[in-house]
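What follows is one structure encoded as structure tokens, with my remarks underneath.
Number of protein chains: 2
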Amino acid sequence: MKCSTLPCDLRIGIIGAGQLGLMLFQQGIRLGFKFNVLGKPEDPLCKYTACYGEDEYEQFVDDSDIVTFEFEHANGKAMEYAQSKGKLKPEINSVNLKREREKEFLYLKSIGAPLPKFEIARDGSEAIEIAKNQFNNNAVIKRSVGGYDGKGQYFVKNNIENFNFLKEDKSRFVVVEYVDFDYEASIIVSRGDDRTIYYPPSFNLNKKGILVINYGPLVIPEAKDIGYLITKSLNYIGTMGIELFVRGREVLVNEISPRVHNSGHYTLTSCKHSQFESHLRAISGLGLLEPECNGYFGMLNLLGVQTINSELDKYGQVFMYSKPGTNPRRKVGHINVTGDSIESVKFKINNLINEVYGSLDDLIAKL
Amino acid sequence: MKCSTLPCDLRIGIIGAGQLGLMLFQQGIRLGFKFNVLGKPEDPLCKYTACYGEDEYEQFVDDSDIVTFEFEHANGKAMEYAQSKGKLKPEINSVNLKREREKEFLYLKSIGAPLPKFEIARDGSEAIEIAKNQFNNNAVIKRSVGGYDGKGQYFVKNNIENFNFLKEDKSRFVVVEYVDFDYEASIIVSRGDDRTIYYPPSFNLNKKGILVINYGPLVIPEAKDIGYLITKSLNYIGTMGIELFVRGREVLVNEISPRVHNSGHYTLTSCKHSQFESHLRAISGLGLLEPECNGYFGMLNLLGVQTINSELDKYGQVFMYSKPGTNPRRKVGHINVTGDSIESVKFKINNLINEVYGSLDDLIAKL
């Protein structure tokens, strides 16, 4: 089913009701989209709209015209059922890559995407051997299944003896060269039936596997080519985040996220058409528009803070997700800033970090 | 109850679920507000969130921390019950003025607001006499009760004989001098416990009692003073729209709307803090921030159109309300435009009018 006029009255089913779902919902209202949501009562989006329970997924899919997901590790049964009904967008092929990290690596390699060197290990013992012998004791050992947001990743830096506990582990792993990158970046790409659009790449500061701040725009011409290659080869429909390592003149893919992405939250404030809106435009067939992003942008994640001073909304644009902030790694909101130079957005972000956390070091120590 | 930090987790009850309620809801999400809504299942906002039925108003009020309304003629019992519980913001005094137009006129006169000349008539026969003798056959006869959106208003322009049908009418009327204004304008004001903020005034084109387009900013220094006077004297909390007549150097109040207002929809696109957000900030005690409106703005109402070309979202920012567009006077959406001059926004609006309606004359003929 497709829309060609506004309002688009298709009913979009969102699998997952966290902050990404919440922002899809909020951004979709002005274009007339209707929503069904699959999630738990305590999830952010389920505080705003009635949600289907996790085991009502068949009804949820049957009641929706198009089904999408806010997170690739959300209810897999719902995704498969929606795929079987021809309703899932993006399709299950991109999710499958994320279910086993080795598939993601092998797929990206097969299409010629620039990647760090890597090897697949059949178990922990083999992973240790590869890290030692092929990567000279400098590698990241990643669990093939079940690792995301920094979980299931082991950073080996001349200290392989610390990881002997992996020797008994019978899981499969991907062992990746340790990339001594200059910086991490990302690009948000949205692909529809007829065209692909690209948001300006951002510089990303990740700490302990979690995005802390990002800002931009960066000029990384290769990012667009990489985005085109990956989304085109998957016949992808929707918004995708692609995380990159930049090392000198080399741009490598770190990983892909087949959904709207934390590093694209700045698009809510700095672009006429946000990553969330573009996702909905793509999956509904409404058609993508140039995002029209202006100026310099920055974003600070709010991690594990219960509340913030309401005055901070004066210095940036605050987005709260309304979830309990008891876990220090939990994303409970973010603050977007804009400015007329990179220096100005960095200055604003630093001030906000000091206001919210005391200092960047205090924040990192907590994670 | 009040908020001082973000997220503001107060539960705001909105009486009425039309487009104004929908935009309050949509704009309140990022600050963490929770909502209860009183409305009919077919209302725009009830398509996005569960609504209380019109006769469940006591439960609705009891379940809400603060109660507000999107429209002064919405469920009056709910307003009175909320007032009796100390939860209604703005309070019932401003609504009472709108229930009888003569009260609005007399109140505004009593506080010294600049008004057109007017007289109260005890019935239709007296209204005809006043129009004839005191206003020289050039007047607007307004029904004191039950008239809004152009309804219940009779424009006498040297043709009093056409209005003889009013002679038998036992209702009360306000008879107002016919103001041969240069143009109509409005200002949006938000007043909180601690401060009052003012949005840039706009030029408004009303036809047959309905706002068709508006644009600005206009410079009308008196508008701010008028806004201060009226909201302060009512001890008003929330956003108010004040419609003005401008005649030479004279600025007169046409009417007040104790709520967010159609002529302030531009604030969604051109201001960092929209009229909807400011309303919520004011009633929750979160505190008002400078709206930070930039550049030139314009807005076109979508009246009675079923659908529009989705490409129009490229030339402006479209907001659809998801209601059936069968009545040609029905507001089903609006399009905001921005530009770097008044000419540029007028040009864009004219193009959109031609796209949507054929021409302004075609639109007016339909109303």
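Going down the list, the protein sequences come from chains A and B.
If you want the numbering used here, it's the 1-based position in the first sequence plus 70.
If you want the numbering used here, it's the 1-based position in the second sequence plus 70.
Even for Gly, the Cβ is constructed at its ideal location relative to N, Cα and C.
Checklist entry - Counting Cβ pairs closer than 8 Å, one from the stretch 395 to 405 of chain B and one from the stretch 344 to 359 of chain B, do we hit at least three? => result The stretch 395 to 405 of chain B makes no contact with the stretch 344 to 359 of chain B, as fewer than three CB pairs between them are under 8 Å.
Next on the checklist: Could you compute how far the alpha carbon of Q204 of chain A sits from the alpha carbon of V323 of chain A?
Outcome noted: Computed Cα separation, rounded: 20 Å.
Checklist entry - Can you tell me where the beta strand (DSSP E) with S260 of chain B in it begins and where it stops? => result Run containing S260 of chain B: 253 to 261, per the beta strand (DSSP E) assignment.
Next on the checklist: So, does the stretch 228 to 245 of chain B touch the stretch 188 to 200 of chain B, judging by three or more C-beta pairs under 8 Å?
Outcome noted: Taking 8 Å as the limit for Cβ pairs, the verdict is that the stretch 188 to 200 of chain B does touch the stretch 228 to 245 of chain B.
Next on the checklist: I need the boundaries of the alpha helix (DSSP H) containing E172 of chain B, first residue and last residue.
Outcome noted: Run containing E172 of chain B: 171 to 180, per the alpha helix (DSSP H) assignment.
Next on the checklist: Checking the sheet assignment: what are the DSSP bridge partners for R213 of chain A?
Outcome noted: Under DSSP, R213 of chain A shares a beta bridge with A:F243.
Item to check | Close-in-space but distant-in-sequence residues of the same chain around I423 of chain A (CB under 8 Å, 5 per side omitted) | outcome: Excluding residues within five positions, the ones whose Cβ falls inside 8 Å are I283, L370, S429, L430, L433.
Next on the checklist: Spatial neighbours of D135 of chain A within its chain, please: C-beta separation below 6 Å, excluding the five flanking residues on both sides.
Outcome noted: A distance below 6 Å between beta-carbons, with the five flanking residues on each side excluded, links D135 of chain A to the following residues of its chain, in chain order: M71, L80, R81.
Checklist entry - What distance in whole Å lies between the Cβ atoms of I258 of chain B and T309 of chain B, which are believed to be in contact at a cut-off of 8 Å? => result Contact holds; Cβ gap of about 6 Å.
Next on the checklist: According to DSSP, is T337 of chain B part of a helix, a strand, or is it coil?
Outcome noted: T337 of chain B: helix per DSSP, three-state reduction.
Checklist entry - How close, in whole Å, do the beta carbons of E172 of chain A and I85 of chain A come, if the pair is a contact with beta carbons under 8 Å? => result I85 of chain A and E172 of chain A do not touch by the CB rule: their CB atoms are close to 24 Å apart, not below 8 Å.
Checklist entry - Using a C-beta cutoff of 8 Å, does N379 of chain B count as contacting chain A? => result For N379 of chain B, the nearest beta carbon of chain A is closer than 8 Å to its own beta carbon.
Item to check | Inter-stretch contact (C-beta, 8 Å, three-pair minimum) for the stretch 282 to 300 of chain B and the stretch 261 to 271 of chain B | outcome: Contact holds: three or more Cβ-Cβ distances are below 8 Å.
Item to check | Where Q96 of chain B sits in the DSSP three-state scheme | outcome: The answer is helix: DSSP assigns Q96 of chain B an H, G or I state.
Next on the checklist: Using only CA atoms, which one of A:R261, A:N228, A:Y306, A:I405 lies nearest to E360 of chain A?
Outcome noted: Out of A:R261, A:N228, A:Y306, A:I405, A:R261 has the C-alpha closest to the C-alpha of E360 of chain A.
Checklist entry - First and last residue of the beta strand (DSSP E) that includes L372 of chain B? => result From DSSP, the beta strand (DSSP E) with L372 of chain B extends over 366 to 373.
Item to check | Contact set between K117 of chain A and chain B, taken where Cβ atoms lie within less than 8 Å | outcome: Under a criterion of Cβ atoms nearer than 8 Å, the residues of chain B adjacent to K117 of chain A are, in order, K104.
Checklist entry - Between L288 of chain A and S333 of chain A, which are expected to be in contact by the criterion C-beta below 8 Å, what is the C-beta distance as a whole number of angstroms? => result Under the criterion of beta carbons closer than 8 Å, L288 of chain A and S333 of chain A do not qualify as touching, at roughly 11 Å.
Checklist entry - Quick one: is L80 of chain B near chain A, going by C-beta distance under 8 Å? => result So, not an interface residue.
Checklist entry - Looking at chain A, which residues of the stretch 276 to 307 of chain B have a Cβ within less than 9 Å of any of its Cβ atoms? => result The stretch 276 to 307 of chain B vs chain A, Cβ under 9 Å: nothing.
Item to check | Contacts that T75 of chain B makes with chain A (C-beta to C-beta distance below 7 Å) | outcome: Going along chain A in sequence order, the residues near T75 of chain B (Cβ under 7 Å) are T377, I378, N379, S380.
Item to check | Assigned secondary structure, T476 of chain A (DSSP; H/G/I helix, E/B strand, else coil) | outcome: One cannot answer for residue 476 of chain A here, as it falls past the ends of chain A, which runs 71 to 437.
Item to check | Three CB pairs or more closer than 8 Å across the stretch 109 to 124 of chain B and the stretch 113 to 130 of chain A | outcome: Output reads yes: the stretch 113 to 130 of chain A touches the stretch 109 to 124 of chain B.
Next on the checklist: Against chain A, does I99 of chain B count as a neighbour if the rule is that its beta carbon must be under 8 Å from one of theirs?
Outcome noted: Between I99 of chain B and chain A, the shortest Cβ-Cβ separation is below 8 Å.
Next on the checklist: Excluding the 5 residues flanking N228 of chain B on each side, which residues of the same chain have their C-beta closer than 7 Å to its C-beta?
Outcome noted: Answer for N228 of chain B: N207, N208, listed in chain order.
Checklist entry - Any Cβ of chain A within less than 8 Å of the Cβ of D264 of chain B? => result For D264 of chain B, the answer is no, since every Cβ of chain A falls outside 8 Å of its Cβ.
Checklist entry - Does any residue of chain B bring its CB to less than 8 Å from the CB of Q96 of chain A? => result The beta-carbon of Q96 of chain A is placed less than 8 Å from the nearest beta-carbon of chain B.
Next on the checklist: Could you tell me the alpha carbon to alpha carbon distance between T408 of chain A and Y127 of chain A, rounded to whole angstroms?
Outcome noted: If I take the Cα positions, the gap works out to 40 Å.
Next on the checklist: Using C-beta distances below 7 Å, list every residue in its chain close to E362 of chain A, excluding the 5 sequence neighbours before and after it, in chain order.
Outcome noted: Sequence-distant Cβ neighbours of E362 of chain A in its own chain, meaning closer than 7 Å and more than five residues away, are C341, K342, H343.
Next on the checklist: Using only the alpha-carbon positions, how far apart do L90 of chain B and S348 of chain B sit?
Outcome noted: L90 of chain B and S348 of chain B: Cα-Cα distance of roughly 13 Å.
Item to check | chain A contact residues for G357 of chain B, given Cβ-Cβ distances below 9 Å | outcome: At a beta-carbon threshold of 9 Å, the residues of chain A lying near G357 of chain B are S380, E381, ordered along the chain.
Next on the checklist: Could you tell me the alpha carbon to alpha carbon distance between Y285 of chain A and D250 of chain B, rounded to whole angstroms?
Outcome noted: Cα to Cα, the separation comes out at about 54 Å.
Item to check | Beta-carbon proximity of G386 of chain A to K436 of chain A, cut-off 8 Å | outcome: No, the Cβ-Cβ distance between G386 of chain A and K436 of chain A is not below 8 Å.
Item to check | 8 Å Cβ cutoff met for I181 of chain A and S74 of chain A | outcome: No, the Cβ-Cβ distance between I181 of chain A and S74 of chain A is not below 8 Å.
Item to check | Buried or exposed (CB count within 10 angstroms, at least 16 for buried), H331 of chain A | outcome: Burial call: buried.
Checklist entry - Should K147 of chain A go down as buried or exposed, given a rule of 16 or more other Cβ atoms within 10 Å for buried? => result Exposed is the call here.
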